[in-house]
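In the working numbering, the protein residues as written are 19 to 275.
Okay, structure coming up:
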């Protein structure tokens, strides 16, 4: 009962009982009573402040770092750029229509202790759209230049794209060179050794790929992600803008001939 003869509320009784029980631990080595049994919400903690800070630091260590990178796909028409993106993002091969203008997609991967969000621009390969390309590759952290191993001219175009990128974008852009359609080895017209030599001279991550089978597709994107400087991020595409013609298509095939 309280001093006024009224019955004490249950929570007041519980508070007194808790204080009485805790008092028995006063002076016990290693037992910290700070913040316990006070009945005040702001002082109620499971353990000491030091313990809380240590748990917070441990939690922060376990958190992944998240990075956003703009990546552009370049190359001649019909080399399979869109099919490479489809294989990477959806793990499927679609013999789809040729891209007009550009297409945009995001895809997230885990690389070591980081989460990488690629913001991918898949550009049209037709010559009449080439003048639009700077709008898409400007501000990119990485670029993949694609050629068809069965078409010699497509490799010449790939070399031209790489020289353009090295001339007009930031010097630390990470370049990937993909020799696509390696599943058509019997139709090869591009010499592998020549490509390797060119890639080495131009500091390109080079792999032969197959959007149809998935060969080296994920590996190429992973290697690019590892090489991009971690401080380089997308910032709302401030260095470029978007023109989206995805609703306009043709009956031309991009991935097979």
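Every residue, glycine too, gets a C-beta built ideally from N, C-alpha and C.
Going by C-alpha to C-alpha distance, which of the options sits closest to residue i?
i	options	result
residue 158	218, 131 and 88	88
residue 162	127, 242 and 213	242
residue 198	151, 124, 100 and 247	100
residue 214	187, 196 and 201	196
residue 248	129, 138, 108 and 121	129
residue 83	124, 131 and 207	131
residue 186	153, 208 and 222	153
residue 98	201, 245, 220 and 211	201
residue 245	192, 219, 212 and 184	192
residue 218	160, 194, 151 and 189	194
residue 160	149, 203, 189 and 142	189
residue 233	211, 212 and 203	203
residue 282	235, 220, 142 and 124	Because the chain spans 19 through 275 in this model, residue 282 falls outside it and cannot be assessed.
Which class does residue i belong to by DSSP, given the choice of helix, strand or coil?
i	result
residue 133	strand
residue 106	helix
residue 123	strand
residue 142	coil
residue 16	Past the boundaries of the shown model lies residue 16; the chain is included only from 19 to 275, so the question cannot be answered.
residue 160	strand
residue 212	helix
residue 235	helix
If you drop the 5 nearest sequence neighbours on each side, which residues of the same chain put their C-beta closer than 7 angstroms to that of residue i?
i	result
residue 205	168
residue 170	207 and 208
residue 216	177
Taking Cβ positions only, does residue i come closer than 8 angstroms to chain C?
i	result
residue 193	Judged by its chain identifiers, the structure shown contains no chain C, having just a single protein chain.
So, for residue i: in the same chain, excluding its five sequence neighbours on each side, which residues have a beta-carbon less than 6 angstroms away from its beta-carbon?
i	result
residue 112	104
residue 179	92 and 163
residue 222	193 and 195
residue 182	none
residue 90	139, 154, 155, 158 and 161
residue 78	Residue placement at residue 78 is flagged as unreliable, the pLDDT there being 46, under the threshold of 50; the coordinate-derived value follows with that caveat. Here the set comprises nothing.
residue 108	none
Can you list, in chain order, the residues of its chain with a C-beta nearer than 8 angstroms to that of residue i? Leave out the 5 residues immediately preceding and following it.
i	result
residue 237	225
residue 10	This structure does not reach residue 10, given that the chain is present from 19 up to 275, and the question cannot be answered.
residue 110	104
residue 240	127 and 129
residue 124	135, 136, 137 and 138
Report the start-end ranges of each alpha helix (DSSP H) in the stretch 165 to 202 that is 4 residues or longer and not cut off at the edges.
Fully enclosed alpha helix (DSSP H) runs of 4 or longer: 170 to 186.
With a cut-off of 8 angstroms, do at least 3 Cβ pairs link the stretch 93 to 108 to the stretch 220 to 232?
Enough Cβ pairs lie closer than 8 angstroms, so yes.
Quick check: the stretch 93 to 100 against the stretch 168 to 188, are at least 3 beta-carbon pairs closer than 8 angstroms?
Pairwise C-beta distances place the stretch 168 to 188 in contact with the stretch 93 to 100, as three or more of them are shorter than 8 angstroms.
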